[in-house]
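Engineer:
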Amino acid sequence: MIGSVDVYTLVLLYIGVALILAKTLGSVFEHYRLPAVLGEIIAGVFLGASFLDLFYSGVGDVFSKPEFRYPVEYMAHFGIIL
Numbered sequence: 440m441i442g443s444v445d446v447y448t449l450v451l452l453y454i455g456v457a458l459i460l461a462k463t464l465g466s467v468f469e470h471y472r473l474p475a476v477l478g479e480i481i482a483g484v485f486l487g488a489s490f491l492d493l494f495y496s497g498v499g500d501v502f503s504k505p506e507f508r509y510p511v512e513y514m515a516h517f518g519i520i521l
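Using the working numbering, you'd call the opening residue of the sequence shown number 440 and step up by one each time.
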């Protein structure tokens, strides 16, 4: 647990926010006749720990903790298998 929140809850929340932001920016870019993938990549940059750390110090520390990293790695490996 990180603070009083379960790690898996944080991981799922982060993935949900990432998907919503990526699809939203993808739609905005398509509206301006640009590739949607460009908006999705920019969403990933916005959600990166180093970019968020500019505004909220310590975000990178939370994402680099082993208890947060292992569930993300597990899901990444599962995604590769799919």
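C-beta atoms are modelled at their ideal positions from N, C-alpha and C, and glycine is treated no differently.
1) Rounding to the nearest angstrom, what Cα-Cα distance links phenylalanine 507 and histidine 516 in this structure?
2) Going by other Cβ atoms of all chains shown within 10 Å of its Cβ, with 16 needed for buried, is isoleucine 518 buried or exposed?
3) With DSSP run on the structure shown, which of helix, strand or coil describes glutamate 471?
4) In whole angstroms, what is the alpha-carbon distance linking proline 474 and glycine 487?
5) In or out: phenylalanine 485 buried (at least 16 other Cβ within 10 Å) or exposed?
Structural biologist: The relevant details are as follows:
1) 15 Å
2) The question names isoleucine, but residue 518 in the sequence shown is glycine. By the neighbour-count rule (16 or more Cβ atoms within 10 Å), glycine 518 is not buried but exposed.
3) Looking at the sequence shown, residue 471 is not glutamate but tyrosine. Note: tyrosine 471 maps to coil in three-state DSSP.
4) 21 Å
5) exposed
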